[in-house]
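In the working numbering, the protein residues as written are 91 to 154.
For every residue, glycine included, the Cβ atom is placed at its ideal position computed from N, Cα and C.
What you are looking at is a predicted structure, and each value in this text was computed from that prediction instead of being measured.
Step one of this worksheet: look at the structure below.
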Amino acid sequence: MKRAIAFILIMFIWVLLVSQPIIEFETLKYDFGRIKEEGGPHQIDSKFSNTGDESFRLLNVKAG
91 MKRAIAFILI MFIWVLLVSQ PIIEFETLKY DFGRIKEEGG PHQIDSKFSN
141 TGDESFRLLN VKAG
């Protein structure tokens, strides 16, 4: 009985560790080139997708 409980516990932990979100970006680098300060802010869009088994949340996102 102890072996069965230990096996179930190990399998449960393994499933939690294996199924994770995986974030993949369309491009990893962006060349801003030369930007003049008086030209105002410059903005880009980053495209990414989740290819993992679980959903993910973006928390504490800050520009920088």
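Item                                                                 : Value
Work out the CA separation of K152 and D135 for me, nearest whole Å. : 14 Å
Three-state secondary structure (DSSP) at I125?                      : coil
Sort out for me which residues DSSP pairs F115 with in a bridge.     : F138
Distance, Cα to Cα, N150 vs M101?                                    : 33 Å
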